[in-house]
Amino acid sequence: MPTHDAVSYIGRFAPSPTGPLHFGSLVAAVASYLRAKSCGGQWQLRIEDIDPPRQIAGADRNILHTLETYGFRWDGPVIYQSASHEAHQQSVQALLASELAYPCSCSRRDLADAPQGAMGSIYPGNCRSGCTARDVAIRVRTDDEPIGFSDILQGYVSQRLESESGDFVIQRRDGLMAYHLACVVDDHLQGITEVVRGIDLLESTPRQIYLQRCLGFEEPAYLHIPVVLNSQGQKLSKLTGAEGIPDVGDARVLSAALAALRQPMMTNSERCPLDELWSWAEAHWQVQVLAGATSIATHN
Ligand code: GLU
Numbered sequence: 222m223p224t225h226d227a228v229s230y231i232g233r234f235a236p237s238p239t240g241p242l243h244f245g246s247l248v249a250a251v252a253s254y255l256r257a258k259s260c261g262g263q264w265q266l267r268i269e270d271i272d273p274p275r276q277i278a279g280a281d282r283n284i285l286h287t288l289e290t291y292g293f294r295w296d297g298p299v300i301y302q303s304a305s306h307e308a309h310q311q312s313v314q315a316l317l318a319s320e321l322a323y324p325c326s327c328s329r330r331d332l333a334d335a336p337q338g339a340m341g342s343i344y345p346g347n348c349r350s351g352c353t354a355r356d357v358a359i360r361v362r363t364d365d366e367p368i369g370f371s372d373i374l375q376g377y378v379s380q381r382l383e384s385e386s387g388d389f390v391i392q393r394r395d396g397l398m399a400y401h402l403a404c405v406v407d408d409h410l411q412g413i414t415e416v417v418r419g420i421d422l423l424e425s426t427p428r429q430i431y432l433q434r435c436l437g438f439e440e441p442a443y444l445h446i447p448v449v450l451n452s453q454g455q456k457l458s459k460l461t462g463a464e465g466i467p468d469v470g471d472a473r474v475l476s477a478a479l480a481a482l483r484q485p486m487m488t489n490s491e492r493c494p495l496d497e498l499w500s501w502a503e504a505h506w507q508v509q510v511l512a513g514a515t516s517i518a519t520h521n
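Quick note on the numbering used here: the sequence shown kicks off at 222 and runs consecutively.
This is the structure we're talking about:
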């Protein structure tokens, strides 16, 4: 684990190895990178490989190679989320021991009639007062105190978890860790001071802050950038068929990512050597031009 005592800003980029790096992930990588550099901080790279059924063999190496050819340089070793499985388990055990979490045997069918909220079905609390089944998921017990935070770009966001999402899963029935739990534990282990990521995760953040509070972790700052949409208005992702960017660093693609982030453009940026483009982008980076922006349209 890198030491982070002397550095006051530690950011990260945390791709899931579910396919090649597409333009939307490049934009998120560029934003988190330039933000960290402009704050004189570290930029760490974490591969979120805790969901083997969704992963593609070799996608991690492919992502690392692509980032490298575009000129990204990360601080410390690449962190594989699967390596902190024990720490994830310890946090789940700590939450169980303090009765902030409980086992849940509800199947999808049991929850078919659960009320629907903006974040999906709201857990109705069937197993809150105990369940005796063997193969169980673990849920964290929520309450209805508002959980709010001030996002650097999106402003104040607040949720009442019990009524808006209900008690949520932190460990799945198949034993795999849920994203929220793993993300919060790893951000803590890495000493992350600010999370820069796509706005599609904005509504996940109160759940993550709630977990940080339950586990006694410090809360990082949050900065949610707009997501890139395809010509049908869908978020670029593997699910919407987004293609990988060329895996040989290309100034035209990096320039397009900077333009998507509304950054001032250097003359002839598309024909410029990548290191010059990066130096210019670092020197001219400004984040507030994205204040309140939720999406970036592209014509792909
Ligand atoms: N692994 C997530 C993704 O690829 C990002 C999670 C995060 O930044 O918290 O969308």
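Ideal Cβ placement from N, Cα and C applies to all residues, glycine included. Please read all numbers here as calculations on a predicted model, not as lab measurements.
Practice problem: Could you check which residue in Ala478, Cys260, Met486 and Val508 has the C-alpha nearest to that of Ala518? | Solution: The residue given as residue 518 occupies position 297 in the sequence shown. Answer by Cα proximity: Ala478.
Quiz prompt | Residue burial classification, Thr353 (beta-carbon count within 10 angstroms, cutoff 16) | solution = Locating residue 353 in the sequence shown gives position 132, where the first residue counts as 1. Only exposed fits Thr353, as fewer than 16 other CB atoms lie within 10 angstroms of its CB.
Exercise. State yes or no: is the C-beta of Ile271 within less than 7 Å of the C-beta of Gly412?
Key: By one-based count along the sequence shown, residue 271 stands at place 50. By one-based count along the sequence shown, residue 412 stands at place 191. No, the pair does not count as a contact, with Cβ atoms beyond the cut-off.
Quiz item: Which residues in the same chain have their Cβ closer than 6 Å to the Cβ of Pro522, if we skip the five residues on either side of it in sequence?
Solution: Residue 522 cannot be examined here, being either before or after the span of the chain that is shown, 222 to 521.
Quiz item: beta strand (DSSP E) containing Ile430: first to last residue?
Solution: Along the sequence shown, read from residue 1 onward, the residue named residue 430 stands at position 209. Element bounds for Ile430: not the beta strand (DSSP E) but the alpha helix (DSSP H), Thr426 to Leu436.
Self-check item: Proximity to Ser421 [Cα-Cα], best of Leu450, Thr363, His243 and Ser490
Solution: Indexing the sequence shown from 1 puts residue 421 at position 200. The residue asked about is misnamed: residue 421 is Asp in this sequence, not Ser. Nearest to Asp421 by alpha-carbon distance, out of Leu450, Thr363, His243 and Ser490, is Leu450.
Quiz prompt | Inter-residue Cα distance where the pair is Gly524 and Ser425 | solution = Since the first and last residues shown for the chain are 222 and 521, residue 524 lies out of range.
Self-check item: For His409 and Gly369, the rounded distance between their alpha carbons
Solution: Along the sequence shown, one-based indexing puts residue 369 at 148. Along the sequence shown, one-based indexing puts residue 409 at 188. Cα-Cα distance, rounded: 19 Å.
Quiz item: Candidates Leu288, Trp264 and Gln314: which alpha carbon is nearest Trp295's?
Solution: By one-based count along the sequence shown, residue 295 stands at place 74. The option with the nearest alpha carbon to Trp295 is Trp264.
Quiz item: Within 6 Å: the Cβ of Glu269 and any heavy atom of ligand 1?
Solution: The count along the sequence shown starts at 1 and reaches residue 269 at position 48. Yes - ligand 1 has a heavy atom lying nearer than 6 Å to the Cβ of Glu269.
Quiz item: Taking the C-alpha atoms as reference points, what is the distance between Pro223 and Ala304?
Solution: As a working note, residue 223 is residue 2 in the sequence shown. As a working note, residue 304 is residue 83 in the sequence shown. Because the pLDDT at Pro223 is just 48, under 50, the model does not fix this residue reliably, and the point stays unresolved.
Quiz prompt | Helix, strand or coil at His225 [DSSP, three-state] | solution = As a first step, residue 225 is located in the sequence shown; it is residue number 4 there, counting from the start. Here His225 scores only 49 on pLDDT, less than 50, and its place in the model is too uncertain to base an answer on.
Quiz item: Less than 6 Å between the CB of Cys493 and some heavy atom of ligand 1, yes or no?
Solution: Here the question's residue 493 lines up with position 272 in the sequence shown. Cys493: no, Cβ never under 6 Å from ligand 1.
Exercise. Sort out for me which residues DSSP pairs Asp372 with in a bridge.
Key: Here residue 372 refers to the residue found at position 151 when the sequence shown is read from its first residue. According to DSSP, Asp372 bridges with Gly376.
Quiz item: Comparing the CB of Ala235 with every heavy atom of ligand 1, is any distance shorter than 6 Å?
Solution: Taking the sequence shown and counting its residues from 1, the one referred to as residue 235 is at position 14. For Ala235, the CB falls within less than 6 Å of some heavy atom of ligand 1.
Self-check item: Boundaries of the alpha helix (DSSP H) in which Trp501 is found, first to last residue
Solution: Indexing the sequence shown from 1 puts residue 501 at position 280. Looking at the DSSP string, the run of the alpha helix (DSSP H) that includes Trp501 is Leu495 to His505.
Self-check item: Which listed residue (Ala322, Ala318 and Asn347) has its alpha carbon closest to that of Arg329
Solution: Residue numbering aside, residue 329 sits at position 108 when the sequence shown is read from its first letter. If we check each option's Cα against that of Arg329, Asn347 comes out closest.
Quiz item: If you measure from the CB of Arg418, is any heavy atom of ligand 1 nearer than 6 Å?
Solution: Sequence index remark: in the sequence shown, residue 418 carries index 197 (1-based). Yes, the beta carbon of Arg418 sits closer than 6 Å to at least one heavy atom of ligand 1.
Exercise. Assess, as a yes-or-no matter, whether the region 233-252 is touched by the region 435-442 under the definition of 3 or more beta carbon pairs within less than 8 Å.
Key: By the Cβ criterion, the region 435-442 is not in contact with the region 233-252, since fewer than three pairs of Cβ atoms, one from each stretch, lie closer than 8 Å.
Quiz item: Using a threshold of 6 Å, is the CB atom of Cys404 nearer than that to any non-hydrogen atom of ligand 1?
Solution: On the sequence shown, position 183 is the one that residue 404 refers to. Correct: Cys404 has its Cβ closer than 6 Å to ligand 1.
Practice problem: Write down the C-beta distance between Leu382 and Thr363 rounded to the nearest angstrom, noting that I regard them as a contact closer than 8 Å. | Solution: Here residue 382 refers to the residue found at position 161 when the sequence shown is read from its first residue. Here residue 363 refers to the residue found at position 142 when the sequence shown is read from its first residue. Going by Cβ atoms, the distance from Leu382 to Thr363 rounds to 4 Å, so yes, they are a contact pair.
Quiz prompt | Close-in-space but distant-in-sequence residues of the same chain around Gln302 (CB under 7 Å, 5 per side omitted) | solution = Translated into positions along the sequence shown, residue 302 becomes position 81. Within the same chain, and ignoring the five residues on either side of Gln302 in sequence, the residues whose Cβ sits closer than 7 Å to its Cβ are Arg267, Ile268, Glu269, Asp270, Ile271, Ala403 and Asp407.
Exercise. Evaluate Arg355 with the Cβ neighbour count: other Cβ atoms within 10 Å of its Cβ, from every protein chain shown; 16 or more gives buried, anything less gives exposed.
Key: The residue given as residue 355 occupies position 134 in the sequence shown. Classification of Arg355: exposed, given that the 10 Å Cβ count is below 16.
Practice problem: Express the C-alpha separation of Trp499 and Val248 in angstroms, rounding to a whole number. | Solution: One-based indexing of the sequence shown puts residue 248 at position 27. One-based indexing of the sequence shown puts residue 499 at position 278. About 14 Å.
Quiz item: Of all the options Tyr344, Ile373 and Tyr254, which has the alpha carbon lying nearest to the alpha carbon of Leu444?
Solution: Locating residue 444 in the sequence shown gives position 223, counting from the first residue. Closest in alpha carbon position to Leu444, among Tyr344, Ile373 and Tyr254, is Ile373.
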